[in-house]
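Here the structure comes first, spelled out in structure tokens, and everything after it is commentary.
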Amino acid sequence: MALPPDLQPGWHEPLGALARDGGVNFAVPSEHATRIELCVFDAEGQRELRRYALDGPHDGVFHGFLPGVGPGLVYGLRAHGPYAPEQGHRFNPHKLLLDPWAREIVGHFGWRAEHHGYELGHPDGPRSLDTRDNAAQALKARVAAPPVPHLRAHRPRRPVAGMVLYEVHVKGFSRLLSGVPEALRGTYAGLAHPAAIAHFKRLGVTTLSLLPVQYCIDEPHLAERGLHNYWGYNTLGFFCPDPRWAQAAHRHDPTAVAAEFRRMVDALHEAGLEVVLDVVYNHTPEGNEFGPTLSFRGLDNATWYRLAADDRARNENLTGCGNTLNCAHPRVTQFVLDSLRHWVAEMGVDGFRFDLAPVLGRTNHGYDPNAAFFTALRQDPVLAGVHLIAEPWDAAYDGYQVGRFPGRFLEWNDKFRDAVRGYWLGVGTGRGEFARRFMASSDVFHHGQRQPTASINFVAVHDGFTLADLTSYAAKHNHANGEGNRDGRDGELAANFGAEGPTDDAAINATRVRVRRALLATTLLAQGTPMLCAGDEIGNSQGGNNNAYCQDNATTWLDWERADGRLTELVAEALALRAQEPLLRHPRWFASAPGDACIAWYAPSGHEMTPSDWHDAGQRAFGAQLHDAGAAQPRLMIIFNPDPAPLPFLLCNGPWQLVLDSSGESAAPLVLPGQPLGVPARSLLVLRHV
1 MALPPDLQPG WHEPLGALAR DGGVNFAVPS EHATRIELCV FDAEGQRELR
51 RYALDGPHDG VFHGFLPGVG PGLVYGLRAH GPYAPEQGHR FNPHKLLLDP
101 WAREIVGHFG WRAEHHGYEL GHPDGPRSLD TRDNAAQALK ARVAAPPVPH
151 LRAHRPRRPV AGMVLYEVHV KGFSRLLSGV PEALRGTYAG LAHPAAIAHF
201 KRLGVTTLSL LPVQYCIDEP HLAERGLHNY WGYNTLGFFC PDPRWAQAAH
251 RHDPTAVAAE FRRMVDALHE AGLEVVLDVV YNHTPEGNEF GPTLSFRGLD
301 NATWYRLAAD DRARNENLTG CGNTLNCAHP RVTQFVLDSL RHWVAEMGVD
351 GFRFDLAPVL GRTNHGYDPN AAFFTALRQD PVLAGVHLIA EPWDAAYDGY
401 QVGRFPGRFL EWNDKFRDAV RGYWLGVGTG RGEFARRFMA SSDVFHHGQR
451 QPTASINFVA VHDGFTLADL TSYAAKHNHA NGEGNRDGRD GELAANFGAE
501 GPTDDAAINA TRVRVRRALL ATTLLAQGTP MLCAGDEIGN SQGGNNNAYC
551 QDNATTWLDW ERADGRLTEL VAEALALRAQ EPLLRHPRWF ASAPGDACIA
601 WYAPSGHEMT PSDWHDAGQR AFGAQLHDAG AAQPRLMIIF NPDPAPLPFL
651 LCNGPWQLVL DSSGESAAPL VLPGQPLGVP ARSLLVLRHV
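This note's numbering puts the first residue of the sequence shown at 1, with every later residue one more than the last.
What follows is the structure in structure tokens.
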């Protein structure tokens, strides 16, 4: 490849590398660098061919245009500037840096001492300077073809009130699914195979929420133990799909990986399914001040990261991962928005779930729901129509922000999880708390203009016990993670019902199944936005591991051979009922009297609940009647019996037809007014007014 001797000034935007006009434009932001060099490599990324000094800085951006080259050019960056850790600066031109805006990444990352900007083992620690060149082993960017807007012809757009989320890992879902060809199992193509789509459609879910698919590297402690970050919450390439989940023939070609991802999205859209990505804009793999210099740290540490106020040589760790992205800085805000727009406009996705989302609203005064990032996000025309979902807590002070996200954000509601588990497992949740959570947690979300759909209701997700395990284990069993069972959540709400783990006791197994069915029915029929964790509908177990982030094996791959088909049928039945009955997906807050859609609560004796009933800890069963707006008679009745014995429930305002019984015991009788209905133990019933 013949390279020109000089670099032309070029444009200061867009940031990153853009093939245009018979060459490639490069733009790299840095407020504190004195010089940034573009380093061009051979196609394999092994031999550095030439270095060019970028022009600038102009408004904090170094830029240049390299004529006569195009897509496929492999490059890295070197940044010159002060190495003054006490001031927050860690420039080290001996370290080749990955362009944060890279849309293609080449090479294979391995943990090596020379990736650090300081000398490991030096008495001065991170305040020392390592002068070894790491270019041969560093990951490098490759110039992608000019972006092509994703076709929107078949993109579904679900109203939030009708959305049903299905949280799923790309590999884990299809790795053992027999209907998918072996070569496609565990890949983007496998997730979009007709056998996979048939399962999604059978369930009635509308929106796949994918665990992280952006380019991820393993943490050093996992690499030392030969384990991998299976979940993917350690993103380095925020514009690139992770090659691990592509077909084997594509993994070494970033262009092919991206094309496979786009084909997956297209196929899911054709089937009417939305795609939401779990994204990690709260930290990077560079870790704390003892971590490596791979990209952001070397380009402008003081801009990219939040630094400790009393010692700018240290990272502020609000994430539990060593560092925290400084999303309050305009350039970092721009970076996140550029990345989000890329995944929508070029990759076709329909929304995002933000990991540790309070970090996005962190200012110097703590979390602010009116932070500049949220304002910019909500005003962006490309992102105007996508789903926004918050994990509304991070790992630091003022980090629990459930109910405090702005605008159209939906939020994971752990209050629902804990109350619903507690109610059905028999560990303390009373009727009042359960009713609040079942009706979309108005005490949390009913303010401003927020709607019940803001509450994402779940009882299990990737992080924690599976549904099968929270009804089979009383304690976590994470020994395979290699951390002495110290990792993962302690005291997670769970019950084994008499035996820890698998048992041959028929009575215990029957109880476990019954409670699982009640938990699922509650989640899928509650007001708000339901979310199902992939595998819970087939009774999938992780052997009691409640933090299986590093288990890329049969522990986390869905075990289809042992699937509980009756559990799958219940999910399909409950979601079909939700789709048929508007009151089960009512998008506004229920009133307490006729006029608008309203709800009334009943005790098993048949009378409306009184304050003394709500405070009666000795009674746990109760019911709710749901009325259409202006209707004299109720439309639906839902009955909850968490007790280990059946009970008679006196019905009024009938007659009623039973349409769903989570226990699977009841026939479908017509129940007249004033007649008692036998409600099975540990069950949820739905009746329709005839």
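Idealized CB from N, CA, C, for every residue including glycine.
In this text the structure is predicted, and so the values were computed from the model without any measurement.
Starting from residue i, trace the alpha helix (DSSP H) in both directions and tell me its first and last residue.
i: Arg262; result: 254 to 270
i: Arg437; result: 431 to 438
i: Pro676; result: Pro676 -> not in any alpha helix (DSSP H); beta strand (DSSP E) instead, spanning 676 to 679.
i: Trp614; result: 611 to 614
i: Thr466; result: It is not in any alpha helix (DSSP H) - Thr466 carries neither H nor E in the DSSP assignment.
i: Phe445; result: 442 to 445
i: Val386; result: Neither: Val386 is in no alpha helix (DSSP H) and is coded neither H nor E.
i: Gln379; result: 372 to 379
i: Val515; result: 506 to 525
What do you reckon, is the C-beta of residue i under 7 Å from a heavy atom of the ligand COA?
i: Glu561; result: This structure lacks the ligand COA; in fact it carries no ligand of any kind.
Give the C-beta separation of residue i and residue j to the nearest angstrom, bearing in mind that I take them to be a contact with Cβ-Cβ under 8 Å.
i: Leu139; j: Val168; result: So it is not a contact: roughly 28 Å between Cβ atoms.
i: Gly45; j: Val74; result: 5 Å
i: Ile639; j: Gly654; result: In fact, because the Cβ distance is near 13 Å, the residues do not count as touching under 8 Å.
i: Asp643; j: Arg635; result: Not really, about 27 Å apart at Cβ, beyond 8 Å.
i: Ala574; j: Ala521; result: 5 Å
i: Leu519; j: Trp424; result: 5 Å
i: Ala563; j: Ile538; result: 4 Å
i: Arg142; j: Glu104; result: 4 Å
i: Pro604; j: Leu647; result: 6 Å
i: Trp557; j: Gly172; result: 5 Å
i: Asp692; j: Gln551; result: Any property of residue 692 remains undetermined from this structure, which presents the chain solely from 1 to 690.
i: Met439; j: Phe335; result: Not quite, the Cβ-Cβ distance comes to about 39 Å (not below 8 Å), so this is no contact.
Hey, out of the options, whose CA is closest to residue i's CA?
i: Arg417; options: Gly482, Gly528, Asn370; result: Gly528
i: Trp549; options: Val160, Gly232, Ile105; result: The identity of residue 549 in the sequence shown is Tyr, whereas the question assumes Trp. The shortest C-alpha separation from Tyr549 is found at Gly232.
i: Leu299; options: Gln334, Val257, Thr34; result: Thr34
i: Gly399; options: Ser339, Asp368, Ala345, Glu48; result: Asp368
i: Pro126; options: Pro292, Pro159, Leu96, Val106; result: Pro292
i: Asp504; options: Pro611, Cys652, Ser472; result: Ser472
i: Ala693; options: Trp412, Leu3, Arg421, His58; result: With the chain covering only 1 through 690, there is no way to say anything about residue 693.
i: Ala43; options: Arg517, Leu96, Gly107, Ala79; result: Gly107
i: Leu54; options: Gly618, Ile36, Pro67; result: Ile36
i: Ala645; options: Gly678, Ala259, Ala632; result: Gly678
i: Phe374; options: Asn364, Gly674, Arg408, His342; result: Arg408
i: His80; options: Asn301, Leu570, His283; result: Asn301
i: Asp338; options: Gly16, Pro9, Val671, Ser666; result: Gly16
i: Val420; options: Val332, Pro530, Gln675; result: Pro530
i: Leu96; options: Ala572, Phe296, Phe434, Val69; result: Phe296
i: Glu219; options: His252, Val164, Gly322; result: Gly322
i: Gly132; options: Tyr118, Val40, Thr333; result: Going by the sequence as given, residue 132 is Arg instead of Gly. Nearest C-alpha to Arg132: Tyr118.
i: Phe41; options: Leu98, Arg514, Pro149; result: Leu98
i: Ser662; options: Glu433, Arg682, Phe290; result: Arg682
i: Gly691; options: Phe590, Ser174, Arg486; result: Limits of the chain in this structure are 1 at one end and 690 at the other, which puts residue 691 out of reach.
i: Thr523; options: Thr333, Trp412, Asn547; result: Trp412
i: Trp304; options: Glu31, Pro594, His447, Glu561; result: Glu31
i: Arg90; options: Ala196, Phe65, Leu129, Ala554; result: Leu129
i: Glu492; options: Ala507, Asn545, Leu532, Asn540; result: Asn545
Need the endpoints of the beta strand (DSSP E) that residue i sits in, please.
i: His63; result: 61 to 67
i: Trp304; result: That residue, Trp304, is in no beta strand (DSSP E); its alpha helix (DSSP H) goes 296 to 304.
i: Asn641; result: 636 to 641
i: Asn315; result: 311 to 315
i: Thr284; result: Where Thr284 is concerned, there is no enclosing beta strand (DSSP E), given that its DSSP letter is neither H nor E.
i: Gln334; result: Not the beta strand (DSSP E): Gln334 falls in the alpha helix (DSSP H), residues 330 to 345.
i: Trp656; result: 656 to 661
i: Val279; result: 274 to 279
i: Asn457; result: 455 to 457
i: Ala141; result: 140 to 142
The segment 452 to 468 touching the segment 580 to 597, judged by at least three CB pairs closer than 8 Å: yes
Are the segment 102 to 112 and the segment 209 to 224 touching, with three or more C-beta to C-beta distances below 8 Å? yes
Kindly provide the ranges of any alpha helix (DSSP H) runs that are 4 or more residues long and lie completely inside the segment 546 to 603, ordered along the chain. 565 to 580
Using a Cβ distance threshold of 8 Å, determine whether the segment 194 to 212 contacts the segment 314 to 334, with at least three qualifying pairs required. no
Start-end ranges of the beta strand (DSSP E) lying completely within the segment 70 to 120, minimum 3 residues: 74 to 80
Whole alpha helix (DSSP H) elements within the segment 160 to 225, 4-residue minimum: 170 to 174, 188 to 191, 194 to 203, 220 to 224
Pairs of beta-carbons, one from the segment 312 to 325 and one from the segment 238 to 248, closer than 8 Å: are there three or more? no
Between the segment 269 to 278 and the segment 2 to 16, can you find at least three pairs of beta-carbon atoms closer than 8 Å? no
Check whether the segment 270 to 290 touches the segment 348 to 365, taking contact to mean three or more Cβ pairs, one atom from each stretch, closer than 8 Å. yes
May I have a chain-ordered list of the alpha helix (DSSP H) segments no shorter than 4 residues that lie completely inside the segment 20 to 55? none
Can we say the segment 667 to 676 touches the segment 508 to 519, given the rule of at least three CB pairs closer than 8 Å? no
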